[in-house]
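In what follows, a structure is listed as structure tokens, so that the remarks can point back to it.
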Amino acid sequence: MGVFRLTSIIPKGLFRKPEEVPSREHGLRVLPIDLGNLLYGINESTFLFEGQTIGLGFESPLIVPYLDALVEWFNHHGIYAIFVSDGMKAPEKGVTALNRFHEKIKSMSASQADYLSHYRGGRMDRALDHLRGAVHHGDCLPASCYEECPTLQKVLDQSRQKHRKGPARRAPAEPMCVVMGFTNVLFNVQRHLTALARRDPGRLAYIGSFTEADDILALLSLYFGAPVLSNDSDFFVHGYGRVKTMSIFQKQFRLDRSAPDGRPTFLPSATYDVPYLGGTLLTADLASYFETTATKMAWLPLIMGCDFGPPDGRVGLLLQRYPFPDGKVGQYFKKTAECYTTSEAWPVAGANFKPSWQEILRATHMRGRLLRSVLAALPEPAALEEALRRPEARLAGVRSEVDAAFRRHRAHMAALLGHLHHCSGIGTLLLKSGQFGPPAGQPLGARHIHDGVLLCLGIFSAGLAAPGGDSLPALARSLATYLTKERMVDSRSPWCIYATTPPPGFPPADLPDMARGPGPAAGQPTEAGPEPGAPRGSRAAPGGVRSPGRPAAAAAAAAATAAAMGSGLAAALPAPRAESGPGADMEPGSEALQPRCQCQKALPLLQPLIQEFFHLPLFHLGFGAVYPPEAAGDRRLFTVDTFLEGIKRGDRQKAFFLPLLPQFSHLRDITIWAPTRPARMLMYALLARGPGGQARPTNLLQVTEHHPVPTMLNGMLPAGPPSTAQVYLLEELAGETAALLRVVDRALEVDDQDAGLDRVLLAVMLLSSSVADGELGLKPDIAADRALVRRLGTLAAALPDSLALEGALAGLRMPADIQAAAMVALGPRSADDRPKLDQALGQLIAWCLGRMEAAFVGAEKVTRLLAPGGLNGWLASLAAIAAARPPGPAPPAVTIPSTQIVTSFSLMLAITCTWLDVFSVLSGRWLALRLQRRAPGDAICRASVCSAVSEHLVRIMNTISL
Numbered sequence: 016m017g018v019f020r021l022t023s024i025i026p027k028g029l030f031r032k033p034e035e036v037p038s039r040e041h042g043l044r045v046l047p048i049d050l051g052n053l054l055y056g057i058n059e060s061t062f063l064f065e066g067q068t069i070g071l072g073f074e075s076p077l078i079v080p081y082l083d084a085l086v087e088w089f090n091h092h093g094i095y096a097i098f099v100s101d102g103m104k105a106p107e108k109g110v111t112a113l114n115r116f117h118e119k120i121k122s123m124s125a126s127q128a129d130y131l132s133h134y135r136g137g138r139m140d141r142a143l144d145h146l147r148g149a150v151h152h153g154d155c156l157p158a159s160c161y162e163e164c165p166t167l168q169k170v171l172d173q174s175r176q177k178h179r180k181g182p183a184r185r186a187p188a189e190p191m192c193v194v195m196g197f198t199n200v201l202f203n204v205q206r207h208l209t210a211l212a213r214r215d216p217g218r219l220a221y222i223g224s225f226t227e228a229d230d231i232l233a234l235l236s237l238y239f240g241a242p243v244l245s246n247d248s249d250f251f252v253h254g255y256g257r258v259k260t261m262s263i264f265q266k267q268f269r270l271d272r273s274a275p276d277g278r279p280t281f282l283p284s285a286t287y288d289v290p291y292l293g294g295t296l297l298t299a300d301l302a303s304y305f306e307t308t309a310t311k312m313a314w315l316p317l318i319m320g321c322d323f324g325p326p327d328g329r330v331g332l333l334l335q336r337y338p339f340p341d342g343k344v345g346q347y348f349k350k351t352a353e354c355y356t357t358s359e360a361w362p363v364a365g366a367n368f369k370p371s372w373q374e375i376l377r378a379t380h381m382r383g384r385l386l387r388s389v390l391a392a393l394p395e396p397a398a399l400e401e402a403l404r405r406p407e408a409r410l411a412g413v414r415s416e417v418d419a420a421f422r423r424h425r426a427h428m429a430a431l432l433g434h435l436h437h438c439s440g441i442g443t444l445l446l447k448s449g450q451f452g453p454p455a456g457q458p459l460g461a462r463h464i465h466d467g468v469l470l471c472l473g474i475f476s477a478g479l480a481a482p483g484g485d486s487l488p489a490l491a492r493s494l495a496t497y498l499t500k501e502r503m504v505d506s507r508s509p510w511c512i513y514a515t516t517p518p519p520g521f522p523p524a525d526l527p528d529m530a531r532g533p534g535p536a537a538g539q540p541t542e543a544g545p546e547p548g549a550p551r552g553s554r555a556a557p558g559g560v561r562s563p564g565r566p567a568a569a570a571a572a573a574a575a576t577a578a579a580m581g582s583g584l585a586a587a588l589p590a591p592r593a594e595s596g597p598g599a600d601m602e603p604g605s606e607a608l609q610p611r612c613q614c615q616k617a618l619p620l621l622q623p624l625i626q627e628f629f630h631l632p633l634f635h636l637g638f639g640a641v642y643p644p645e646a647a648g649d650r651r652l653f654t655v656d657t658f659l660e661g662i663k664r665g666d667r668q669k670a671f672f673l674p675l676l677p678q679f680s681h682l683r684d685i686t687i688w689a690p691t692r693p694a695r696m697l698m699y700a701l702l703a704r705g706p707g708g709q710a711r712p713t714n715l716l717q718v719t720e721h722h723p724v725p726t727m728l729n730g731m732l733p734a735g736p737p738s739t740a741q742v743y744l745l746e747e748l749a750g751e752t753a754a755l756l757r758v759v760d761r762a763l764e765v766d767d768q769d770a771g772l773d774r775v776l777l778a779v780m781l782l783s784s785s786v787a788d789g790e791l792g793l794k795p796d797i798a799a800d801r802a803l804v805r806r807l808g809t810l811a812a813a814l815p816d817s818l819a820l821e822g823a824l825a826g827l828r829m830p831a832d833i834q835a836a837a838m839v840a841l842g843p844r845s846a847d848d849r850p851k852l853d854q855a856l857g858q859l860i861a862w863c864l865g866r867m868e869a870a871f872v873g874a875e876k877v878t879r880l881l882a883p884g885g886l887n888g889w890l891a892s893l894a895a896i897a898a899a900r901p902p903g904p905a906p907p908a909v910t911i912p913s914t915q916i917v918t919s920f921s922l923m924l925a926i927t928c929t930w931l932d933v934f935s936v937l938s939g940r941w942l943a944l945r946l947q948r949r950a951p952g953d954a955i956c957r958a959s960v961c962s963a964v965s966e967h968l969v970r971i972m973n974t975i976s977l
């Protein structure tokens, strides 16, 4: 949402066209990308390529080729894309997230009912609209719609409806592919872009944020002076600006299916050389429109409301005696107080405001003229911070009435400042000062970009350690100097902190001593940043300690990096230069002169770049369950500390909103997610304890999954609410999960081509498939959950011993050939066994899928619904209830997917999504264990998990199409 209703008061003339956006003559241009918004755009857009007739998510084989083409298109235009993915949402946003999910459920239910109505009525084109995405007029362009465009008219109608008094008119149903969550698109984007970024870091970067992506995106935007690709209004408030996501979808590709190997590819179309079409709003332009400064724009979320809650009444306290001409400001803040459930008219832990606060404020709007006067009356954030630091100081830059109100309500002002920093994002006000950025007057190369990304990640981590602390500017200057002068490029891993000394110590100096780790070792040189006002990229001022000297051999090796990075863009990397300084006169080969990987002592900079996952929040839960909280010294990760603190603030409970996938049912209101419950139960059990099954104060006690019920085909309403909540009581399974995780973590530590992770993942798949339609049922009780966790513990304890495995597998009701394949996949393996292993995995995964699908349709035998003829058994079983359907026209004999095919498509996605979710949890635990038990000299920047099971699952997922 960003800032509530801000876009409604911004004139269209402020948005720039592409030729008006400043661009570099030489070198690369950085484009920070909000991955969540990009995913929504990919799902919705019908401008991805020429001749697109169906949403990309309905054709899984096209997803990876499209991503490759999109990255290459960025590269073609000299754009270095930095994709940033959301982690877990803050618990304070729980109310907002639940409200949004319920709204999506309503939209999805309406879409499914509309699809069913058109399908049964023989209206082929109307039914197909639900698979096509947003429907446009033939004369529409990606960035501007023709005035008769159906999509534009619907948006305008919805906007008018929001401002219309009286009962809301029923809006037309959205296309299903606009509302639904394509898990195949999400998982391919996260996994494939991560792999591309690690394989070719000279072309793109991928950051998996432990928190929401906005803070890191804003830092990248400000550092590189680049707008963020997003639809979120936050970025023309807190960042450098924003580019609308849909502006990059302009049919710049054409699909070619004629390759000899049968693989689809995307080739350049006539619009390939056209840059993105704009829709860009720069923060400086918006600040000028409001007649204020870029730093004062940070007040907007507190004035108008945002994802963290309604407008902050403490702003009203600060302005209560300001002589506004018509009293409307006082009336506005009086109305905003109605949004709260307590006498305190400001957010408290995200729990004291009404879920309907936006509706309460619908008729109370702060127009542009009034907003200008409010911003003019408020102080600069830095002035408020300085006045709080010095009790005798006057609040600078404001009228006497505001200063008097500040003194009168001083007890609330520190919390107000904290909320302002919280809404603004860590370090954004620091970077708005203009002290940091790429070297001026030089073409921007991949090396400069890498240094900037690492600096932003360092600022973000340090800001989490001491939000608003005095040491952040000094640490940022020191780290910037270190990265530009001390770090050399390792051709094997260009993100590596390859230097003679570790980076400046974390945490900042103003953190309490009990929370700080050791600083630099005795005798280790420290870095001094440039004096205030020094040019960007300048060396330390006289008196500062310069970088240690580098051996000539190391400098020469680093000079060859550009050729080794596998990208033409990487050729812009500057070669490191040998410098004079402390240690420069030492003998070559001495320890002080030898550069080496310092990544073990730079985890805050590297950890977001070396993650491998399909579902980032689950990866982080797995990582956070194992990584030591408040670890000492260079092992400490403040992102993890903050993440775990959020779990505690949420009472150690987490809510997940399962993707909305289209589903229809004939006999019972069982969702497509029901057969996956055993696997998801085991997945959450893998999150319930710390390393080796240890108990921790941040262990999850309960997980709640929200998902909708299907649309009923017999004309009846489902027996239950519009969405169901499945609760997993992990607290009741403490003993079982402790025993399970002791054996699981031992298996994950096996350095056998990462076979330990694969074995545990496959054990979860086999066990959950064997009970999906058995004694566990679809709604098990605690006793059944305990039995399931114990059985996984028994199976995991047997890995990879062949004799023990045979006994552990005996109770899974597998045919002899499947049990033999399980012995191959779960037992000892060697590099020469890969063909045999692949064959066994193919058998096992196919069997597991068949068992899960059979559980869903109630078949007695293994069923493959999307295989040729696989629907026959299901369709035949429906003949007996045909008379129960209300009379109506027969379905048309056209190529519109039947409701059974649509549901089977969604079921396959739900099953593969669940198993890849389990991989994400195990991958998080694996990396955390690896980082804790790393050996000296272990190049963690190149750590990578190799999973044959996940590779097979992705290949299967990418064959699922309508």
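Numbering of the sequence shown is given in the working numbering, commencing with residue 16 and proceeding in unit increments. Built from N, CA and C at the ideal position, the CB exists for glycine as well.
Around the C-beta of D288, fewer than 16 other C-beta atoms lie within 10 Å, and the residue is accordingly described as exposed.
Put simply, the backbone Cα of L748 is about 16 Å away from that of V758. One Cα belongs to G412, the other to L432, and the distance between them is close to 16 Å. Check the Cα spacing between L21 and each of L631, M123, E107, T298: the tightest is with T298. Sequence-distant Cβ neighbours of N246 in its own chain, meaning closer than 7 Å and more than five residues away, are N52, K259, T260.
Between G293 and F264, the alpha-carbon positions lie close to 11 Å from each other. Residue state for Q741 is assigned as strand, using DSSP reduced to three classes. With contacts defined as CB atoms closer than 7 Å, Y497 and E416 fail to qualify as a contacting pair. Per DSSP, L777 is one residue of the alpha helix (DSSP H) stretching across 770 to 786.
Counted as a single uninterrupted DSSP element, the alpha helix (DSSP H) harbouring V804 occupies residues 797 to 813.
For Q205, the enclosing alpha helix (DSSP H) covers residues 198 to 214. According to the DSSP assignment, E966 belongs to the alpha helix (DSSP H) that extends over 963 to 972. For F251, the closest of K266, L208, L315 by C-alpha to C-alpha distance is L315.
In the structure shown, Q267 falls within a coil segment according to DSSP collapsed to helix, strand and coil.
Between the C-alpha atoms of A855 and L841 there is a straight-line separation of about 10 Å. Taking the Cβ atoms as the reference, P677 lies roughly 14 Å from S976, outside the contact range of under 8 Å. The continuous alpha helix (DSSP H) containing E821 extends over residues 817 to 824.
Proximity of the stretch 230 to 237 to the stretch 704 to 721 falls short of the contact definition, fewer than three beta-carbon pairs being nearer than 8 Å.
By the 16-neighbour rule on beta-carbons within 10 angstroms, D327 is buried. Straight across, the Cα-Cα distance linking I474 with T516 is about 19 Å. Contact check for F934 and S962: beta-carbon distance about 6 Å, within the 8 Å limit, so the pair qualifies. The C-beta separation of I926 from M829 comes to about 18 Å, leaving the pair out of contact by the 8 Å criterion.
Going by DSSP, T298 is part of the alpha helix (DSSP H) stretching over 298 to 304. Per DSSP, the continuous alpha helix (DSSP H) segment holding L864 begins and ends at 849 to 872. Under the DSSP assignment, D666 falls outside any beta strand (DSSP E); it carries neither an H nor an E label.
When only Cα atoms are considered, V193 and S126 end up about 10 Å apart. Burial of H967 is indicated by the presence of at least 16 other C-beta atoms within 10 angstroms of its C-beta. For G873, the closest of K349, C956, T914, S680 by C-alpha to C-alpha distance is S680. When DSSP reads this structure, G639 sits in no beta bridge, so it has no partner.
Taking the Cα positions, P283 is about 58 Å away from G342. Taking a C-beta distance under 7 Å as the contact criterion, F638 and A943 qualify as a contact pair. Rounded to whole angstroms, P643 and Y95 show a C-alpha spacing of 35 Å. Segment contact: the stretch 109 to 127 against the stretch 60 to 73, fewer than three CB-CB distances shorter than 8 Å; contact not assigned.
Here E751 is not bridged, per DSSP, to any residue.
At least 7 Å separates the beta-carbon of M103 from that of H145. The alpha-carbon separation between A813 and F653 amounts to approximately 37 Å.
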